[in-house]
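Order-wise, the sequence lines are chains V and H. The first sequence lines up with residues 52 to 631 when you count with our numbering. The second sequence lines up with residues 14 to 348 when you count with our numbering. Cβ atoms here follow ideal geometry from the backbone N, Cα and C, with glycine treated the same way. Written out below as structure tokens is the structure these notes cover.
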Amino acid sequence: MTFRTRLLLIFAVAVAAAVGLVELVDSARTREAFEGVEARRVDAIVVQFDREFKRRGAEIARVVESIAASAAARDIAIAPDPSPYVDQAAVIAGTHALDLLELVAGDGAIVSSAEWPARFGYKEDWLTAEQDWKSRGAFLKREEVPDGVTLALVAVGAAVYSDRRLYVAGGQKLDREFLASLVLPQGMRVLLYRNLNPQFAPSELIDAAGPAARAAELRPLVEQVESARRQVIQTVGSGATAETFHAVPLTGYENNMLGVLLIGSPRRDLVELEAAMLKTAIFVAAAGILMGIVLSWWATARITRPVQRLAESAGSVAAGNWGTTVEVASTDEIGRLARAFNRMTHELVDQRERLVQAERVAAWRELARRLAHELKNPLFPLQITVENMQRARENYPDQFDEVFREGTATLLAELANLKQIIARFSDFAKMPAPEMQPVNLTELAAETLKLFEAQLAQARVRAVAQLDSQLRPISADPEQMTRVLRNLILNAIDAMPQGGTLTVRTLALSPGARLEVSDTGQGLTPEECERLFTPYYTTKTHGTGLGLAIVQSVVSDHKGRISVDSEKGKGTTFRIDLAT
Amino acid sequence: MGLMWSRWCAATEVIVSCLVVAAAPAATRPHYGGTLRIEILPAAQAPAAVGVTEGFIITNWDPGLRAVFSADDNAPGGRPFLDTIDIEMARPLRDQSVDLELGRTDLVELGPNELRRQTAGRRVWSSSPVRLMALVFGPRIDDARVRQALALTLDRAALNVLLQRQGEISGALLPQWLSGYAFLFGATADIAKARSLAGELPAAARTLSLSADDPAMRSLADRIALNARDAGLTVNVVAPSGNPDVRLSEARITSSDPAHALAGVAATLGLGESPKADAPEALYAAERALLEGFRVIPLVHLPVVYGVGPRVKGGPGVTPLGEWRFGNLWVEDRP
């Protein structure tokens, strides 16, 4: 991954994270604000509903009081036989819009019942138990009706005439009609659970349209309110169908738990608003991220362009163009880096020139030293031989011929030695350019190794050939490569004066091929390894120090690479990698 | 009026409370002409079922809706005063009462609820108690203890209150005025015994369904259900359709001959043929035999009651058995 890509990725992730975080915080705070507003609205509605409920109760109490004070009630109260009035309650209830009305005599016997006309004569002892019904106002009560039990908002009034008393107990059923008559804001609904059975009965959970839907979902809430006997606010359901309920316990005049009123506020609007906000947030975030990526791309391009130029220049320097410079376009860190780079390459060029000069001087000095050394050795016998011959001529003329013959032979031998030394130097100087052709290194190695069989046997060296028969031909000069291999084999033989194992190995590279020559000799120190390819450096007593220099020169001419691995006491391996 | 009263009493030879006059006799003379407008609840499917017989012939018949009778000039007893009798059928009792009050009709049936309404100018013609209200058990209730338990829960006085005390409480099939021994049949409740009987019953047998043939009698059914609950029986009042365990039914006394009347009632209530009985003792035994086993529980005997508008003069137009007699009626447009 390039620096630019990495930078772009970091910028993009940073932008996305920032936008996402902002959207997250913004959404959370907006939702919180909306829910706060919604909660306040519902609270206000609950208060309004509570007022409406109380107003209904007060209205019922007022109606009941008016009935108790009416002439009809008086007639019934003072009638010696109230049985003719058995249907009167229904008539009165109808005219006063009451669902329930019972006219009860002072002894508690029902004179007339609107909701259950057949119940006349039955006792309503609870009415006679309390004396001051007027101050109690309306209250909730379970009421038996012909088709079961219902919950009603009831008030009691009493008409007293001398020793005759008539109780008027009237009210309205808390049923779907009652719920439908309540004024509620758009979208809200009110449900009533009538606690008329020992267990939760879904059919007793009603709304203005009848049995409430999703009754089972509300069961835990109803049971919680019944258990806690206090208002509970809870959200039921999930998503757009979720609804927040204010569940208010409804207790009767004996503080018994008669029902639960549930005021539901749908969260659909809120959920839809949140969904819209989320959609907008996603859109804005996507746009922000896209814009961030574009800006990041532009910014990274601006930032990485000089870095890229620096990298290219560094690559150029690495390729040998030491004089490469970069354009300095700014005064920031990048600009300073560019200036430093330019200064570095400038100094590199200077140092290289100085180094070349120093190496050249050193090389000439080394050459001169080697030449002097190499030439000095044969010259000394020449000088001694000539001086012996002069001394013999002057002092021992009779032996001069003998001395002359021996001296000339020595002179010729040393001169031949001098010629050989000069020829080697001449060879090193005259290394020709390689003539490339397809060469199978495996075959070349096998043939070369064969030439050394006798010499190896004499030196008690065991030859091991690990040659890759599948090795593909490479482009090389066969003569020079043979010379390279020969030098390496001779070096290996020299490295194992007590005998050992010589291993020649070829193997394929991708691309190219590798040639390895290993010995089991004494090995080299790291310092020796470093200087091994320096011309005229040798660790041998009889070497010129040009063999490995020639090897390196040939490998270099083949665009190859030579390296050496050696461990003192275990042997040395020369490794040559050549391209195809 | 006095003549007619005497004649009817002589004809039936029974003590009746057939005439209740709310207004003073009109100081008018009988005359021919006019139409007597009548509204009734039943939807008769045959002219004979309407009950107009003497002196009139059917001239227009719309089954279940309307019937028009015209005076028969050749009637054996002479031509009636009225020209026509126009009868509208299947008219609810409440609407009939309103129509009478508004002067849209001249003769209507009065139920207990309508009877209580005080209407100016309205007269009431009432027969003897000839309508038997009774509980009739279906074949599913084969355990006599269930039937007896329910019978013992019944508070007939309360039922009569719901009927505006029109009826006579009775534990007999035939009314007291007809048989003379009706009081011998017990009609009092015994809740303790009923509870004891119900306690012996399996739980499933303690639940019954009850329907009233006449929806107007729904309040009676409700009261019966309440009474039953006091004894531990569960009586569910259901719609008349279907096959309830118990039916609140009505049987009409159609004959002043007790034996014939008993046979008619027995047939109406599905009790089969009653034994032939000429002597009062035999009749009593026959009736007791019919009531044995509590297949039928008599509750109350009710009269047939009609409200009569101020246009109608003469009468009464109802016999003690509740039959119509319109031959001596005439109408006046100006009361």
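Approximately 18 Å separates the beta-carbon atoms of I161 (chain V) and G145 (chain V); this is outside 8 Å, ruling out the contact. Among the residues of chain V, none has a CB under 8 Å from the CB of V248 (chain H); the nearest is roughly 11 Å distant.
In the DSSP assignment, N249 (chain H) falls within the beta strand (DSSP E) that extends over 247 to 251.
Nearest to A156 (chain V) by alpha-carbon distance, out of V:I129, V:V142, V:N307, is V:I129. For the C-beta of V137 (chain V), the chain H residues within less than 7 Å are, from N- to C-terminus, V174, L175. In this structure E268 (chain V) is in contact with G288 (chain V), their Cβ atoms being roughly 6 Å apart against a cut-off of 8 Å. Three or more beta-carbon pairs separated by less than 8 Å are not found between the stretch 472 to 483 of chain V and the stretch 453 to 461 of chain V, which leaves the two stretches without contact. Residues of the stretch 170 to 182 of chain V with a Cβ closer than 9 Å to any Cβ of chain H, in chain order: R170, F171, G172, Y173.
Here the C-alpha atom of R55 (chain V) lies approximately 9 Å from the C-alpha atom of V358 (chain V). Residue burial is scored here from C-beta neighbours: T166 (chain H) has at least 16 other C-beta atoms within 10 angstroms and is therefore classed as buried.
The C-alpha of R353 (chain V) lies about 19 Å from the C-alpha of A365 (chain V).
Inter-segment contact for the stretch 236 to 248 of chain V and the stretch 206 to 222 of chain V is absent: fewer than three beta-carbon pairs are separated by less than 8 Å. Counting along the chain, the unbroken alpha helix (DSSP H) around G145 (chain V) starts and ends at 139 to 146. Exposed is the label assigned to N446 (chain V), since fewer than 16 other Cβ atoms lie within 10 Å of its Cβ.
The beta carbon of A171 (chain H) falls within 8 Å of a beta carbon belonging to chain V, placing the residue at that interface.
For A205 (chain H), same chain residues with a beta-carbon under 7 Å away, outside a window of 5 residues either side, do not exist. Residue environment for H609 (chain V): buried (at least 16 other C-beta atoms within 10 angstroms of its C-beta). Taken in chain order, the whole beta strand (DSSP E) runs of length 3 or more contained in the stretch 146 to 225 of chain V are 151 to 156, 161 to 164, 190 to 196, 199 to 212, 215 to 224.
The beta carbon of D235 (chain H) sits closer than 8 Å to some beta carbon of chain V.
Taken atom to atom, the span from the alpha-carbon of P562 (chain V) to that of Q517 (chain V) is near 19 Å. Between P253 (chain V) and chain H, the shortest Cβ-Cβ separation is not below 8 Å. R360 (chain V): not part of any beta strand (DSSP E); member of the alpha helix (DSSP H) spanning 319 to 369, first to last residue. A direct Cα-Cα distance of roughly 45 Å separates A496 (chain V) from L361 (chain V). Counting along the chain, no beta strand (DSSP E) covers H273 (chain H); the unbroken alpha helix (DSSP H) around it starts and ends at 271 to 281.
DSSP, reduced to helix, strand and coil, places V76 (chain V) within a helical segment of the structure shown.
Counting along the chain, the unbroken beta strand (DSSP E) around G551 (chain V) starts and ends at 551 to 559. In its chain, beyond the 5 residues on either side, L186, L187, S287, L296, A299, E300 have a beta carbon closer than 7 Å to the beta carbon of L275 (chain H). The closest CA to that of Q509 (chain V), considering only V:L541, V:T331, V:A630, V:A220, is found on V:L541. With fewer than 16 neighbouring CB atoms inside 10 Å of its own CB, R281 (chain V) falls in the exposed class. Residue V:K427 holds the alpha-carbon nearest to the alpha-carbon of N468 (chain V) among V:K427, V:V490, V:F503. The three-state secondary structure of V65 (chain H), taken from DSSP, is coil. Counted as a single uninterrupted DSSP element, the stretch harbouring W138 (chain H) is not any alpha helix (DSSP H) but the beta strand (DSSP E) occupying residues 136 to 150. Using beta-carbon distances, L239 (chain H) counts as an interface residue toward chain V, with a partner under 8 Å. Note that the C-beta distance between A211 (chain H) and L246 (chain H) is below 8 Å. As the crow flies, the alpha-carbon of V114 (chain V) is around 47 Å from that of L282 (chain H). W415 (chain V) counts as exposed, since fewer than 16 other beta carbons sit within 10 angstroms of its beta carbon.
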